[in-house]
């Protein structure tokens, strides 16, 4: 395993090259009425520089007391807070100090935490707590060195009301404790953004040797059916990229306000219920979060400017796993859909942000574009594969994950390693790749791989036929998969009339689709074409889930016209309290820009 090399992180006040946290012992009381966590965090430290100050990241924490080495009182200072970044907590230590303990309380508005009322859950009986620590939100519920390059093991004790179950990104229970007391252990070192907690009325179902799913009782059976291929995915990923190093791979299906498709918290991936389509058509997200067990959780971007090292690698691995399980044709369809997402987004991205390495100094890491690190990064990975050959690239990746396991990674280190151990073995490979255009150049380089799908070609022919006047009832669309229907919507003429949209909706009932991706794409098209008959479906969709991927484009399309803006403001006034702070921030910005 390579040694960690710390670099400057513009999103953290901590100085891990001097003093770093290597273990966290956490005690948390979950207070639903007050919507706060009462915490005691004991941080084991390594003082490489024999420094006299330990600097932690905090955000909206009330600090009650700080001690060191088991109870010796020490002085501390909470610095000036900055929006999005919080405030540094400077703790006085000695070169001999081995641990500090911080007693604190979170804010009811802690950015990482969402407190759901019973009516916001599937069961409507009990409250629910969930966290989202990525990118720099862990500091709002734990005083910690909140930089992805700092890794630590942890253990925790969590107290919740006795009718609820608590789970974390750690070794988890599979049944409720009647006293509401839960103990956790994470023996593998993780960065702070992978700290996660949830509490609610949960049940567990096993899916295989080392996989399972948690969900509310009303959701658990459908979730277990939808994700029953998870164990196959784990086995395939291990064959391709080496041993799974986290023990178990379990998943937690959250209430619909969760802002992401999934979050790769080790040992317990968090998932949105919008993935439960009934036909496994959206399980690529499970493959994606599983792939993070190698790229991201195991080998981690050192700072958020290198986010593509997490997400570009992982999107590539996701499609390779999907190809092994569901076939080349389905994987190619995923590549085509991903490329469309990227090309749709690129015109909206400033030139400075279009390279894979992004300068985020002074900016929240959540300010970056949605698809670029995922899709441009994964296309770069595919180009490397096509340039050096799949077998050679697979062997390199497996070795890469072994050598850099539990180590922060930068683009500079990755490129140097790839040149030395891979490209040097294939004459002319580096010249054919054109690395600079991918890493720092704008847009999509001209040598980007071209995915092709015969199934999608047939779909495009039917979309063209419809555009030329063929009635919806005459389309040859029997036995289409959800991915094919999604591509059909994407392939419709940009100037399609409202009458023809109405015809399609009457024939195929897109506005009532239970597949969230199909429904989103249909609503997005309908808003663009001023097909106002979809507005009731838009309202149902925007008030029934809080996934930022869906919210941001739909609100953006709505506010583009005065009539749409009125609809957006009315919907948002109702929906905002149900959204996670990550989604609220995104939609607040859209509505401010439209006012």
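In our numbering, the protein residues as written are 65 to 659.
No residue lacks a Cβ here, since even glycine has one placed at the ideal position from N, Cα and C.
The model shown is predicted, which means the values in this text are computed figures rather than measured ones.
query	result
Which of helix, strand or coil DSSP assigns to residue 146	strand
Residue of 301, 308, 350 minimising C-alpha distance to residue 316	350
Cβ pair count under 8 Å reaching 3, the segment 276-294 against the segment 116-131	no
Assigned secondary structure, residue 489 (DSSP; H/G/I helix, E/B strand, else coil)	helix
Contacting residues, own chain, Cβ-Cβ under 6 Å from residue 155 (five flanking each side not counted)	118, 130, 140, 164
9 Å Cβ cutoff met for residue 564 and residue 396	no
Cβ neighbour criterion (16 or more within 10 Å) applied to residue 196	buried
Coil, strand or helix - residue 353 by DSSP	helix
Exposure label - residue 323; buried when at least 16 CB within 10 Å	buried
For residue 416, the three-state DSSP class (helix, strand or coil)	Because the pLDDT of residue 416 is 47, which lies under 50, any placement of that residue in the model is unreliable, and the number read from its coordinates should be weighed accordingly. It is helical.
Buried or exposed by the 16-neighbour rule on C-beta atoms within 10 Å, applied to residue 73	buried
Residue 111 - containing beta strand (DSSP E), residue span	100-111
Range of the contiguous alpha helix (DSSP H) that encloses residue 304	294-305
Distance CB(residue 458)-CB(residue 308) smaller than 9 Å	no
Nearest-angstrom Cα separation, counted from residue 619 out to residue 465	40 Å
Buried or exposed by the 16-neighbour rule on C-beta atoms within 10 Å, applied to residue 183	exposed
Supposed close pair residue 124, residue 171 - CB separation, criterion 8 Å	4 Å
Residue 303 classed as buried or exposed, judged by whether at least 16 other C-beta atoms fall within 10 angstroms	exposed
Residue 79: first and last residue of the uninterrupted beta strand (DSSP E) it sits in	Where residue 79 is concerned, there is no enclosing beta strand (DSSP E), given that its DSSP letter is neither H nor E.
Alpha carbon of residue 209 to alpha carbon of residue 203, nearest angstrom	8 Å
Residue from 110, 144, 153 whose Cα sits closest to the Cα of residue 133	110
Proximity of residue 318 and residue 262 at Cβ, strictly below 9 Å	yes
Same chain, Cβ closer than 6 Å to residue 167, neighbours up to 5 away in sequence not counted	104, 128, 129
Pairwise C-alpha distance: residue 177 and residue 642	13 Å
Cβ neighbours of residue 79 in the same chain (closer than 6 Å, five flanking residues each side left out)	119
Which of helix, strand or coil DSSP assigns to residue 95	strand
Continuous alpha helix (DSSP H) stretch holding residue 435: start and end	Premise fails: residue 435 is in no alpha helix (DSSP H) and is neither H nor E.
Cβ-based burial, residue 338 [other Cβ within 10 Å; buried from 16]	buried
Euclidean distance between Cα positions of residue 477 and residue 370	11 Å
Residue 682, DSSP secondary structure in three states	With the chain covering only 65 through 659, there is no way to say anything about residue 682.
Within 9 Å, strictly: CB atoms of residue 605 and residue 587	yes
Own chain partners of residue 76 with C-beta closer than 6 Å, once the 5 adjacent residues on each side are dropped	121, 210, 211
Top-ranked residue by Cα proximity to residue 240, from 272, 538, 278	278
Beta-bridge pairing of residue 161 - partner residues as DSSP gives them	The partner list for residue 161 (beta bridge, DSSP) is empty, contrary to what the question assumes.
Sequence-distant residues of the same chain with beta carbon closer than 8 Å to residue 221, five excluded per side	90, 91, 92, 245, 246, 247, 248
For residue 598 and residue 635, the rounded distance between their alpha carbons	14 Å
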